[in-house]
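In the working numbering, the protein residues as written are 1 to 303.
Don't be surprised by glycine CBs; every beta carbon is placed ideally from N, CA and C.
What follows is a short report on a single structure.
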């Protein structure tokens, strides 16, 4: 704990010396899990290629890891900080190739069911979750940030002269977000802001996201977001009991996961979005969007 306080005002290359060497996973994994300077607070580094797309395999790894570290019989995790191991892109969202190219109903149902479960899991996590947004957070990347208890966003791209953005641009591609996603956005930024953001598909830079409450804190550079997240954790963990935090979180978020609380509701949601993504116009716009994402990611890695 003292290590964190000592280095809170210096550059991240120095506070990185505070991380313990212990890991739950290897660098080759889709999700790298490290211990932090705060006892039993873990750093989750998403590591699924250059864009951290939520592929079926990646979602499975996320869900399994969360289940393991939050299982009181296996672990005593007290908090999670979510970030990207590939600065520049926090998470590019759902696997549009999976949705748009391999659209059999059974395969879509499996993938969409994974997304539903990830939404439920992140929004009902029994320990604090903070996001250090060190890259663009689009679509499901934004949804993961919305599920967090605290969000710190970097302003600048680490290698390009551009600013990072966050938001859900579904409306720009001819489809609407699920009602539970709209509810999560409203929960964080309020009804009017959520309605405008989702209707226009706006992507916001860090300062504008801070102004409307989409993020809680802004830092200049991609490698400066983890420490504020840990300081947030530190404040929560200094409370005499975690019970009030969990009870208040449960009460305030219960309505967000209610649309997915039964098998019948999940199946109805899956059928609705299978039909939506089967629309010819939506498929064409998604294909074009996928090409743009691929080009953007490739240019991000260019020298």
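Outcome for residue i when other beta-carbon atoms lying within 10 angstroms are tallied against a minimum of 16
| i | result |
| --- | --- |
| residue 216 | buried |
| residue 209 | buried |
| residue 243 | exposed |
| residue 51 | buried |
| residue 37 | buried |
| residue 290 | buried |
| residue 71 | exposed |
| residue 278 | exposed |
| residue 123 | buried |
| residue 87 | buried |
| residue 276 | exposed |
| residue 206 | buried |
| residue 263 | exposed |
| residue 130 | buried |
Under the three-state DSSP convention, the category residue i falls into
| i | result |
| --- | --- |
| residue 170 | helix |
| residue 131 | strand |
| residue 288 | helix |
| residue 142 | helix |
| residue 90 | strand |
| residue 57 | helix |
| residue 35 | strand |
| residue 204 | strand |
| residue 26 | With a pLDDT of only 48 at residue 26, under the threshold of 50, the placement of this residue in the model should not be trusted, and no figure is reported. |
| residue 51 | coil |
| residue 147 | coil |
| residue 165 | strand |
| residue 261 | coil |
| residue 238 | coil |
| residue 71 | coil |
| residue 279 | coil |
| residue 121 | helix |
| residue 159 | coil |
Beta-bridge partners of residue i, as assigned by DSSP
| i | result |
| --- | --- |
| residue 154 | 219 |
| residue 84 | 46 |
| residue 41 | 79 |
| residue 324 | As shown, the chain starts at 1 and ends at 303. That puts residue 324 outside it, with no answer to give. |
| residue 137 | 91 and 166 |
Rounded distance between the beta-carbons of residue j and residue i, thought under 8 Å
| i | j | result |
| --- | --- | --- |
| residue 174 | residue 285 | 5 Å |
| residue 154 | residue 224 | 7 Å |
| residue 108 | residue 178 | Contact doesn't hold; Cβ gap of about 14 Å is too wide. |
| residue 150 | residue 256 | Their Cβ separation, rounded to whole angstroms, is 17 Å, which puts residue 150 and residue 256 out of contact at 8 Å. |
| residue 65 | residue 33 | 6 Å |
| residue 79 | residue 126 | Actually they are not in contact, since the Cβ atoms of residue 79 and residue 126 sit about 11 Å apart, beyond 8 Å. |
| residue 60 | residue 114 | 7 Å |
| residue 31 | residue 62 | 6 Å |
Given 8 Å, three or more beta-carbon pairs between the stretch 127-143 and the stretch 90-102: Enough Cβ pairs lie closer than 8 Å, so yes.
Inter-stretch contact (C-beta, 8 Å, three-pair minimum) for the stretch 228-237 and the stretch 166-185: Touching, no.
Segment contact, 8 Å Cβ cut-off, at least three pairs: the stretch 190-197 with the stretch 154-164: Three or more Cβ pairs closer than 8 Å define a contact, and the stretch 190-197 falls short of that threshold against the stretch 154-164.
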